[in-house]
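I have placed the structure first, in the form of structure tokens, so that the comments after it can refer back to it.
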Amino acid sequence: MPCSIEQNITSDYNVKTGEAARRKRRLLGVCIFNQLTYDFPQFQSSGVLKGEASLVQQGDVSITLSLSSPLSREELLLSVLLVNGERWQIVNCQPLKPSGMTIYYKLQARLVNG
Numbered sequence: 012m013p014c015s016i017e018q019n020i021t022s023d024y025n026v027k028t029g030e031a032a033r034r035k036r037r038l039l040g041v042c043i044f045n046q047l048t049y050d051f052p053q054f055q056s057s058g059v060l061k062g063e064a065s066l067v068q069q070g071d072v073s074i075t076l077s078l079s080s081p082l083s084r085e086e087l088l089l090s091v092l093l094v095n096g097e098r099w100q101i102v103n104c105q106p107l108k109p110s111g112m113t114i115y116y117k118l119q120a121r122l123v124n125g
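Written as structure tokens, this is what we have:
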């Protein structure tokens, strides 16, 4: 299914304007969704949820993603995946790169509200 990655890119600070220019960059790709149907426990200690951002939560999906140009793991984790008008936050990312060349990415993603 066609999809795209949306990145917010901030340029260097401009002393004259007092701001850093921001722009959005979109990369086209193809993705395959796999629903995570397992029930993973969430561990709590002293009433504080540990690792909430990276634990698998109900509604998370596993996505296999192929992009038109490669991104680093860090760039993907700061990006949003757009599919059929829905926005998915990338929670975890594992690139598959035999011989140092990224072929595709295995993502854990969470639907963004609103």
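Read in the working numbering, the sequence shown has 121 at position 110, and its numbers run on one by one without any break.
In this text, a Cβ means the ideal position worked out from N, Cα and C, and glycines have one as well.
For the pair residue 112 and residue 96, the Cα-to-Cα distance works out to about 30 Å. For residue 117 and residue 33, the gap between their C-alpha atoms comes out near 28 Å. Nearest neighbour of residue 22 by Cα position, chosen from 100, 14, 36, 124, turns out to be 36. Its Cα nearest to that of residue 102, the residue 85 stands out among 39, 110, 85.
Per DSSP, the continuous alpha helix (DSSP H) segment holding residue 87 begins and ends at 84-88.
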